[in-house]
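Novice:
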Amino acid sequence: MSHKSAKDFFRPLAVGAPQPLREIPARPSRAIHFFDPSNEKMAAKIPAMVGTVDVLLGNLEDAIKADNKVAAREGLVKIAQETDFGPTQLWTRINALDSPWVLDDLTTLVPAIGEKLDVIMVPKVQGAEDIHYVDRILAQLEAKAGITRPILIHAILETARGVANVEEICGASPRMQGLSLGPADLAADRKMKTTRVGGGHPGYLVREDAPRGADGLPDLDAKRAIFQQDLWHYTIAKMVDACATHGIYPYYGPFGDIKDTVACEDQFRNAFLLGCVGTWSLHPVQIKIANRVFSPSVEDIAHARRVVAAMGDGTGAVMIDGKMEDDASLKQCLVLVELAEKLAEIDPDLKATYDAIETPEA
Ligand SMILES: CC(C)(COP(=O)(O)OP(=O)(O)OC[C@H]1O[C@@H](n2cnc3c(N)ncnc32)[C@H](O)[C@@H]1OP(=O)(O)O)[C@@H](O)C(=O)NCCC(=O)NCCSC(=O)C[C@](C)(O)C(=O)O
Ligand SMILES: [Mg+2]
Numbered sequence: 199m200s201h202k203s204a205k206d207f208f209r210p211l212a213v214g215a216p217q218p219l220r221e222i223p224a225r226p227s228r229a230i231h232f233f234d235p236s237n238e239k240m241a242a243k244i245p246a247m248v249g250t251v252d253v254l255l256g257n258l259e260d261a262i263k264a265d266n267k268v269a270a271r272e273g274l275v276k277i278a279q280e281t282d283f284g285p286t287q288l289w290t291r292i293n294a295l296d297s298p299w300v301l302d303d304l305t306t307l308v309p310a311i312g313e314k315l316d317v318i319m320v321p322k323v324q325g326a327e328d329i330h331y332v333d334r335i336l337a338q339l340e341a342k343a344g345i346t347r348p349i350l351i352h353a354i355l356e357t358a359r360g361v362a363n364v365e366e367i368c369g370a371s372p373r374m375q376g377l378s379l380g381p382a383d384l385a386a387d388r389k390m391k392t393t394r395v396g397g398g399h400p401g402y403l404v405r406e407d408a409p410r411g412a413d414g415l416p417d418l419d420a421k422r423a424i425f426q427q428d429l430w431h432y433t434i435a436k437m438v439d440a441c442a443t444h445g446i447y448p449y450y451g452p453f454g455d456i457k458d459t460v461a462c463e464d465q466f467r468n469a470f471l472l473g474c475v476g477t478w479s480l481h482p483v484q485i486k487i488a489n490r491v492f493s494p495s496v497e498d499i500a501h502a503r504r505v506v507a508a509m510g511d512g513t514g515a516v517m518i519d520g521k522m523e524d525d526a527s528l529k530q531c532l533v534l535v536e537l538a539e540k541l542a543e544i545d546p547d548l549k550a551t552y553d554a555i556e557t558p559e560a
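Counting from 1, position 256 in the sequence shown corresponds to residue 454 in this note's numbering; the numbering is continuous, with no gaps.
#1: What does the alpha-carbon distance come out to for the pair S378 and A261?
#2: Between D383 and E356, which are expected to be in contact by the criterion C-beta below 8 Å, what is the C-beta distance as a whole number of angstroms?
#3: Where do the N-terminal and C-terminal ends of the beta strand (DSSP E) with P448 fall, by residue?
#4: Applying the criterion that 16 or more other CB atoms from any shown protein chain within 10 Å of the CB defines a buried residue, is I446 buried or exposed?
#5: Which residues share a DSSP beta bridge with R405?
#6: Give the DSSP-derived three-state secondary structure of K521 in the structure shown.
#7: Assign M522 to one of two classes, buried (16 or more other C-beta atoms within 10 Å of its C-beta) or exposed (fewer than that).
#8: In whole angstroms, give me the CA-to-CA distance for P494 and C462.
#9: Among the candidates S227, V395 and Y449, whose CA atom is the shortest distance from the CA of D458?
#10: What residues are listed by DSSP as bridge partners for M319?
#11: For P546, does the count of other Cβ atoms within 10 angstroms reach 16, so buried, or fall short, so exposed?
#12: Can you tell me whether DSSP reads A560 as helix, strand or coil?
#13: Would T286 and D265 be called neighbours here (beta carbons separated by less than 8 Å)?
#14: Mind checking who G256 pairs with in its DSSP beta bridge?
#15: Where K540 and L548 are concerned, what is the direct C-alpha to C-alpha distance, given to the nearest angstrom?
#16: Measuring only the C-alpha atoms, how far is I292 from A550?
#17: With T250 and I485 assumed to form a contact (beta carbons below 8 Å), what rounded beta-carbon distance in angstroms separates them?
#18: Going by Cα to Cα distance, which pick from V483, A420, G344 and V300 is closest to R410?
#19: Which residues mark the beginning and the end of the alpha helix (DSSP H) in which Q484 is found?
#20: If the criterion is Cβ atoms closer than 8 Å, does the pair L339 and D316 meet it?
#21: Which of the three DSSP states is assigned to V395 in this structure?
#22: So is L418 buried or exposed if we call it buried at 16+ other beta carbons inside 10 Å?
#23: Which residues have a Cβ closer than 5 Å to any heavy atom of ligand 1, listed in chain order?
#24: For the alpha helix (DSSP H) that contains G360, what are its first and last residues?
#25: Decide if V320 is buried, meaning its Cβ has at least 16 other Cβ atoms within 10 Å, or exposed.
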């Protein structure tokens, strides 16, 4: 595998293409809300959703019928041209690189709405070669269309090979913005035996030991607690490490059981706690869940500010509520405080909530 020299990594890949970014901005993206631009009823709702969700994503790939692929592409162009997105980001998910639609997706979208598109999500990414292909063609199209800032790339991990190559994918281009989990395709590709779109599985569990009976032997008839485990823990943790290593952002992905808002919130929170910055929303009901979960809680911010106040110059160790805090726990607290500040910039309700927190004397 040949790698570019350091001096060439940030060179545009086409004459006249915009300068690649040296750092990917940490823009709030708690919910990436999917819509089908060929579905007129759904598309009509999009302009009113601006400002209520961090990212609106016009989906062109799976979940769009083959007969509607052109209508979806054209519908997205129309919505993008007619809508002022304000603080809300506009993303798209293009068709897979081996599909008959992807070339037209790119050559249509970039000249028509390239200035408005923040991020292009590429499905079923297998390795760095897929990112290199999209990277070069975007540069050519941007140069031709006179686009002034680079369109970023987001890869969905939904094949075993993609997961195995996750680090080279993250480092393949300065356009790489982040990664999402594609649990349905990934399960199929790995031959996992779940038929669900994300979420846990009742068969994937650990069981409490049997209690000892009067004879000192395990009572195998006793009722024992079981704890469902997270099928996606390994992959999410791997994604988080790869993204943090490369300065880009990890996201959960779809939760297909739309009606089970409680389990959805649990799955999203697991991802938040492990380091993800956001998730997908497939239905309007999931936006509120994602915004709540991926915004630090009032309790977390109150605690974090106390630690920040108590730690002074950040060195040494102090006791707060019986617990030791030191340089490292200060850094943990700063992750939450800095995230809250970023979110408060774009979410006035959240700003009011955080502003109202009284920070007691340390
Ligand atoms: C699940 C579905 C079919 C239920 O659709 P529904 O019409 O049955 O739902 P509803 O509750 O009856 O809808 C209520 C209202 O909300 C609207 N609505 C409903 N959804 C949306 C939406 N997203 N955005 C905006 N509006 C929406 C809908 O049009 C309706 O409007 P109305 O009250 O005026 O009649 C529908 O919500 C939908 O199609 N969602 C998007 C699905 C999607 O994008 N799937 C692909 C991503 S997941 C994936 O690809 C996997 C992955 C990563 O690749 C891998 O793991 O491998
Ligand atoms: Mg998929």
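Idealized CB from N, CA, C, for every residue including glycine. Keep in mind it's a predicted model, so treat the numbers as computed, not measured.
Specialist: Checking against the coordinates, here is how it stands:
#1: Between S378 and A261, the C-alpha separation is close to 17 Å.
#2: Confirmed, about 4 Å.
#3: Taken as a continuous stretch (DSSP letters only), the beta strand (DSSP E) holding P448 covers Y447 to Y449.
#4: Looking at its Cβ environment, which holds 16 or more other Cβ atoms inside 10 Å, I446 is buried.
#5: Among the bridge pairs identified by DSSP, R405 is matched with I424.
#6: The three-state secondary structure of K521, taken from DSSP, is strand.
#7: Exposed: under 16 other Cβ atoms inside 10 Å.
#8: Their backbone Cα atoms lie some 17 Å apart in a straight line.
#9: With distances taken between Cα atoms, D458 lies closest to V395.
#10: Its beta-bridge partners are R291 and H352.
#11: P546 should be labelled exposed.
#12: Reliability of the predicted coordinates at A560 is poor, the pLDDT of 49 falling under 50, and the value obtained from them is presented with this limitation in mind. DSSP places A560 in coil when its eight states are reduced to three.
#13: Cβ distance not < 8 Å, so T286 and D265 don't count as in contact.
#14: Looking at the DSSP assignment, G256 forms a beta bridge with F233 and T290.
#15: Between K540 and L548, the C-alpha separation is close to 10 Å.
#16: C-alpha separation (whole angstroms): 37 Å.
#17: That belief holds up - the Cβ atoms of T250 and I485 are roughly 7 Å apart, short of 8 Å.
#18: Relative to the Cα of R410, the nearest Cα in the group V483, A420, G344 and V300 belongs to A420.
#19: Boundaries of the alpha helix (DSSP H) around Q484: V483 to V491.
#20: Going by C-beta atoms, L339 is not nearer than 8 Å to D316.
#21: Here V395 sits in coil by DSSP.
#22: The residue is exposed, with fewer than 16 neighbouring Cβ atoms inside 10 Å.
#23: Going along the chain, the residues that qualify are F232, F233, K239, M240, K243, N257, D260, A261, E356, G380, P381, A382, D383, P452, L480 and H481.
#24: Going by DSSP, G360 is part of the alpha helix (DSSP H) stretching over A358 to A362.
#25: Taking a 10 Å sphere around the C-beta of V320, we find 16 or more other C-beta atoms and assign the residue as buried.
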